[in-house]
Amino acid sequence: MSGGCQPSSEGKRVAVVGGGLAGMAAALALVENGCRVDLFEQKHRLGGRVGSFHDPRTGEQVDYCMHVAMGCCTNFLDFIRRTGVEDCFQRHRRLTFIGPNGDVCKFTSWPWLPAPLHLLPGFARLRYLTLGERLSIARCLMRLGRLKADDRRDKTAGEWLREQRQSQRTIDRFWSVILVSALGETVERVDLSMARKVFLDGFLRSAQGYEVLLPRIPLGEVFGRRVADRLRQSGVGIHLGSPVRSIGTLEARAESLTLADGRQFPFDALILAVPWTAIERLLLPEQRTLLHRDWDVQQIESSAITAVHLWFDREITSLPHAALVGRVSQWIFRHSPSEQASANRETSERYQVVISASQRLADLPGDELLTRVLGDLRSAFPKAKAARLLHHRIVTERNAVFSVTPEAQQRRLPTETGVCNVYLAGDWTQSGWPATMEGAVLSGYRAASMVVQEPDQHFPLPVGERKPSWLARMLFPRH
Ligand SMILES: Cc1cc2nc3c(=O)[nH]c(=O)nc-3n(C[C@H](O)[C@H](O)[C@H](O)COP(=O)(O)OP(=O)(O)OC[C@H]3O[C@@H](n4cnc5c(N)ncnc54)[C@H](O)[C@@H]3O)c2cc1C
């Protein structure tokens, strides 16, 4: 039953546990619909995995890791618009791929052509692939887009690509370049349906899906301060430094939660928006099975992401971002001078290299990783050869994202639970998305919609996907 077992949402007291994007999105949607919301976050800031730290050497706020959103992330875009932080992001319509030999390939689209034809000019410019490889990839993309659900089930992208006779070179130079960064896992392990989603939503269905949104200012400022202020102004009661220790009696319904300091909070409905690695600590074994008979969350594996922050004495590239093909370093982002502390503006140029699925590098000493990354940059950007590294920070988040394997797909849980006023949110729930900001916001909106929805009332969230072009609708029917 939706609506938290109560007929009306007006004035309903809702407790949201977890102040990441899922919890923040749920809280906003709930107050906008007349609920009284308390948001409990164990840390002393909101944002969860999206945040920044203070670098004492430069005095700058540095993001733990760059967070990229795409044009297809309709719920994330809705959330930043609703919270008034849209101007903190810059939209980029040109992607750059640097080939193994240093070829600079600009990827733009022809927006006047219907998707997926809009991609043809960009695709044609990927010169580090032979013409034969590009044609083989294009044919394979068409087959992927048309693949039925039954043919995708329990299969990894790697298995399917080999069945389609994709060569190791096309896997390394094309499929992995897109999929590893989008899904945070290797092609050999990622779920085929999620891989298909990346290509369909990001590239094949609509002309804007591939566009990239990058933050102009530190993420901690965007979500930890501006969005938090917006939530407070809307009436959300934000409790920072407030770890929730347990949920009271959980039977047909739940009624209260207990904080680590022993305080109790009663509620009419509860949204648990904590990560897969944290939810079990909140619940007794019997409570888990009450929420879901097939509780298997502890088996969901994590994947790591590493960000290498680099300060050089000069510019090594003026590109705002680029994908580095055939290297350990996967993406580079340039931090614009406006982001950098004024004291350093004249003296250093800051870049960030991101490596997804970096668990395979876990045993590599930091110095060795740095040497490899610098080697990659020198091979990609001639100006890097003369540049002097002034400072660096390596940040690896081992539980960055859940590993989007076919097994994990089966262990992700739906929003609704066996207890009528308890809901789950978070990127790891069954959002239909991989571990992304979009998946997190969508899951929060969905949980909120279940709390407030009344039988005769239309709740506008989550928002729908981007409208596909007429050609994409014909070529890639939904299944
Ligand atoms: C290094 C890295 C790079 C990434 N890059 C991208 C990217 O480029 N693009 C993209 O879309 N996504 C990216 N992601 C993924 C994205 O950050 C996540 O999918 C999203 O932020 C998850 O939000 P969430 O609200 O589901 O979970 P979280 O952000 O993990 O929020 C959960 C919150 O719950 C709190 N909590 C846990 N237990 C308790 C408790 N008992 N009581 C109170 N609070 C509790 C936690 O402190 C946390 O704040 C990246 C993630 C990482 C780590």
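Letter 180 of the sequence shown, counting from 1, is numbered 836 in our numbering, and no numbers are missing.
Using N, Cα and C, we set each Cβ at its ideal position, and we do this for glycine too.
Check	Outcome
Identity of the residue in Q698, E666, L946 and G865 nearest A934 by Cα	Q698
C-alpha distance - E1121 paired with R872, whole-angstrom precision	25 Å
Three-state secondary structure assigned by DSSP to S1105	helix
Any non-hydrogen atom of ligand 1 closer than 7 Å to C1076 Cβ	no
Coarse secondary structure for W951, derived from DSSP in three states	coil
Enclosing beta strand (DSSP E) for Q1065 [first to last residue]	Looking at the DSSP string, Q1065 is not in any beta strand (DSSP E); the run it does join, the alpha helix (DSSP H), is P1062 to R1067.
C-alpha distance - R669 paired with D694, whole-angstrom precision	8 Å
Strand pairing of K762, partner residues [DSSP]	T752
Rounded separation between E844 and A813 - CA only	6 Å
Beta-carbon contacts of P767 that lie in its chain and below 7 Å, excluding the five residues immediately before and after	H774 and A863
Whole-angstrom distance between S992 and S998, CA atom to CA atom	Note that S998 scores a pLDDT of 49, beneath 50, so its modelled location is shaky; the value from the coordinates is reported in the next line. C-alpha separation (whole angstroms): 12 Å.
Counted within 10 angstroms of its Cβ, other Cβ atoms place P1124 as buried (16 or more) or exposed	buried
Test item: CB-CB of L785 and W816 under 8 Å	no
Which listed residue (H1047, A1018 and Q1015) has its alpha carbon closest to that of L1030	H1047
Euclidean distance between Cα positions of G1082 and M722	19 Å
Closer than 7 Å: Y866 CB and nearest ligand 1 heavy atom	no
Coil, strand or helix - F859 by DSSP	helix
Residue nearest to R937 in terms of C-alpha spacing, selected from R818, I894 and R901	R901
Contacting residues, own chain, Cβ-Cβ under 6 Å from S832 (five flanking each side not counted)	V843
DSSP bridge partner residues for T973 (one or two, in chain order)	DSSP, once it has assigned bridges, lists no residue as partnering T973.
Beta-carbon gap between G1137 and R701 smaller than 8 Å	The displayed coordinates of the chain run from 657 to 1135. Any statement about residue 1137 would go beyond what the structure contains.
Y1007 beta carbon near ligand 1 (any heavy atom closer than 7 Å)	no
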